[in-house]
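Here's the structure we're looking at; comments come further down.
Protein chains in written order, with full-length UniProt numbering: chain B, 1 to 312; chain R, 1 to 226.
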């Protein structure tokens with residue numbers, strides 16, 4: 001969403017960042033169409049959480065919000081706004097007023113929103129009616145994800161007419177991550193193939209927006225194999241020579257050369273975004289039609305939400 | 001007559017890979033790459049793909065509607081066989097480079113390794129017309145074909161923690177330009193001030209694109225940002 005400069009000129013500091021937290025970034029749902037130029041999709045790691053917040057506010061799905069990683073974030077609002085916090089569990093307050101996650105709430109001009117966490121899961125998403133204005137679709141997000149800093153000023157889009165709080169139950173997290181076998185699965189030894197599906201994998205501290213780095217029993221190829229550089233995408237599980245898999249995430253580079261043992265299904269990619277370093281996950285082998293079903297479940301979830309909102 | 005056809009397989013829920021690696025060496029890498037760009041151009045007209053991403057002698061097609069995946073896996077071999085491999089008319093970009101000194105700290109070492117004068121290295125590096133095979137690693141980072149094999153140079157044994165944007169380097173059989181500051185192990189022979197990635201210009205966010213031709217020209221000085 002790009003607003004024209006004239007439209008936003010009067011509202012250049014709708015939000016002031018008093019305390020930025022650790023690696024808070026402005027994110028939409030990512031941008032395709034530039035990958036042949038080496039530009040990653042970017043966008044929210046848990047895009048379902050961002051979309052949920054936007055739907056509750058009546059924003060278009062791709063409206064930009066703030067992805068929180070951890071710590072304390074304080075934002076001063078200079079216009080009356082409605083907002084929702086989704087994803088990881090954060091302690092949310094305005095002054096001494098506590099706010100529920102997953103609910104649409106109002107904040108008045110001059111008030112400061114404080115978010116502390118996470119107490120469970122990993123990334124939370126703050127969405128605001130009208131959304132955060134972005135001047136260039138490639139300027140923020142993706143390869144240029146830039147952490148917010150103290151004193152940053154954010155502009156909001158047009159305010160929406162919202163009158164009452166509503167909320168939604170978020171889908172539950174589990175550590176079972178469904179995946180399809182990758183094109184190079186058969187190049188791995190039988191032991192490694194079995195280990196991939198049966199063992200637990202611990203997320204390491206080296207994980208970031210480019211990839212979830214896993215630690216476990218090292219995986220090995222039956223014979224050394226050099227692959228030409230080829231396109232990769234979020235969800236690809238690649239295995240570098242160390243044998244420790246990396247699940248590529250939103251900011252991953254667009255091409256790679258490591259064997260791809262599996263691809264995490266789109267419907268479960270958010271779970272990796274919500275797994276904390278030190279926690280472990282397990283991969284569950286599914287078929288393409290089970291992957292379709294999983295996408296359909298998400299569609300149903302958002303469809304039911306829309307029905308409930310229309311009826312409320 | 002070559003009866004080898006590319007391998008076509010799915011990757012995840014909405015990607016198809018056309019893997020032409022086995023067509024080499026019967027066909028040259030550049031011929032294969034030309035046919036890949038031609039195929040990508042044809043597929044782009046369909047507007048059912050979000051991205052068509054060439055790699056090294058392969059193409060990955062990202063499809064909007066996963067239901068159409070099987071159809072396209074079946075159609076691709078025929079579309080491939082219709083490609084001609086003719087050299088496509090792509091823009092040519094001249095890249096001014098200050099070679100050596102503080103902008104190319106490894107130029108002397110590269111010359112020493114190959115027992116050449118630095119001026120010879122520069123002459124050999126500026127002589128060819130390179131072709132952008134594909135982009136990756138960083139936004140706008142070109143993988144170039146055409147480096148004189150006398151300049152093939154091993155990477156540094158200890159990679160640098162930070163390489164300035166615009167650095168022109170040689171790593172193994174490759175030469176290229178770093179669009180953004182990054183860690184890296186390439187031998188740095190010069191630097192350009194041309195921006196390779198301009199995110200504020202979504203119409204054309206990168207200087208180069210697949211199939212573009214590149215020439216390096218030596219200049220004695222450039223104005224660098226900062």
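The C-beta atom is built at its ideal place from N, Cα and C for all residues, glycine as well.
On a predicted model such as this, the values are computed, not experimentally measured, just so you know.
- The beta-carbon of residue 12 of chain R is placed less than 7 Å from the nearest beta-carbon of chain B.
- The stretch 239-251 of chain B makes no contact with the stretch 63-72 of chain R; the number of CB pairs closer than 8 Å stays below 3.
- Going by C-alpha positions, residue 229 of chain B is about 25 Å away from residue 288 of chain B.
- Interface annotation for the stretch 205-232 of chain B against chain R: 228, 229, 230 and 231, criterion Cβ-Cβ distance under 7 Å.
- Of all residues in the stretch 130-163 of chain R, only 134, 135, 136, 137, 138, 139, 140, 141 and 143 come within less than 8 Å of chain B when Cβ atoms are compared, listed by chain position.
- Residue ranges of uninterrupted beta strand (DSSP E) with 3 or more members, entirely inside the stretch 75-147 of chain R and ordered along the chain, are 92-99, 130-135 and 142-145.
- Contact between residue 14 of chain B and residue 78 of chain B holds: their C-beta atoms lie close to 5 Å from each other, under 8 Å.
- In this structure, DSSP gives residue 41 of chain B a state outside helix and strand, which the three-state scheme calls coil.
- With 16 or more neighbouring CB atoms inside 10 Å of its own CB, residue 35 of chain B falls in the buried class.
- Beta bridge pairing from DSSP links residue 16 of chain B with B:76 and B:153.
- Between the alpha carbons of residue 113 of chain R and residue 153 of chain R lies a gap of roughly 8 Å.
- For residue 232 of chain B, same chain residues with a beta-carbon under 6 Å away, outside a window of 5 residues either side, are 248 and 256 in chain order.
- The C-beta separation of residue 123 of chain B from residue 87 of chain B comes to about 5 Å, placing the pair in contact by the 8 Å criterion.
- Comparing alpha-carbon positions, the option among B:251, B:259 and B:19 lying closest to residue 222 of chain B turns out to be B:259.
- Within chain R, 13 have C-beta atoms less than 7 Å from the C-beta of residue 288 of chain B, given in sequence order.
- When the five nearest sequence neighbours on each side are left out, the beta carbons in the same chain lying within less than 8 Å of the beta carbon of residue 141 of chain R are those of 135, 176, 177, 178, 179 and 196, in order along the chain.
- Separation of the CB atoms of residue 217 of chain R and residue 126 of chain R is rounded to 6 Å, and the pair is thereby assigned contact status at 8 Å.
- By a beta-carbon distance limit of 8 Å, residue 117 of chain B contacts residue 90 of chain B. Their separation comes to about 3 Å.
- Within chain B, 32, 33, 35 and 36 have C-beta atoms less than 7 Å from the C-beta of residue 51 of chain R, given in sequence order.
- Contact between residue 187 of chain R and residue 170 of chain R holds: their C-beta atoms lie close to 5 Å from each other, under 8 Å.
- According to the DSSP assignment, residue 153 of chain R belongs to no beta strand (DSSP E), since it is labelled neither H nor E.
- Contact between residue 41 of chain B and residue 234 of chain B is confirmed by a C-beta separation of about 7 Å, below the 8 Å threshold.
- Within the same chain, Cβ atoms closer than 7 Å to the Cβ of residue 182 of chain R are found at 138 and 163, the five residues on either side in sequence being excluded.
- For residue 254 of chain B, the neighbours in chain R by C-beta distance under 7 Å run, in chain order, 53 and 136.
- Judged by DSSP secondary structure, residue 293 of chain B falls within the alpha helix (DSSP H) whose first and last residues are 288-311.
- In the three-state reduction of the DSSP assignment, residue 13 of chain R falls in the coil class, being assigned neither a helical nor a strand state.
- DSSP places residue 42 of chain R within a helical segment (H, G or I) once states are collapsed to three.
- Residue burial is scored here from C-beta neighbours: residue 38 of chain R has at least 16 other C-beta atoms within 10 angstroms and is therefore classed as buried.
- Interface criterion met: the Cβ of residue 9 of chain R is under 7 Å from a Cβ in chain B.
- Fully contained in the stretch 24-68 of chain B are the following alpha helix (DSSP H) runs of length 4 or more, in chain order: 47-57.
- Taking the beta carbon of residue 17 of chain R as reference, the chain B residues within 9 Å of it are 183, 230 and 231, listed in sequence order.
- Under the Cβ criterion of 7 Å, residue 192 of chain R is not counted among the residues facing chain B.
- In terms of CA proximity to residue 40 of chain R, R:55 leads the group R:55, R:146 and R:97.
- Membership of residue 208 of chain R in any alpha helix (DSSP H) is not indicated, and neither H nor E is assigned to it by DSSP.
- Residue pairing by DSSP places residue 170 of chain B opposite no residue, since no beta bridge is assigned to it.
- For the stretch 95-128 of chain B, the set of residues with a beta-carbon nearer than 9 Å to any beta-carbon of chain R is empty.
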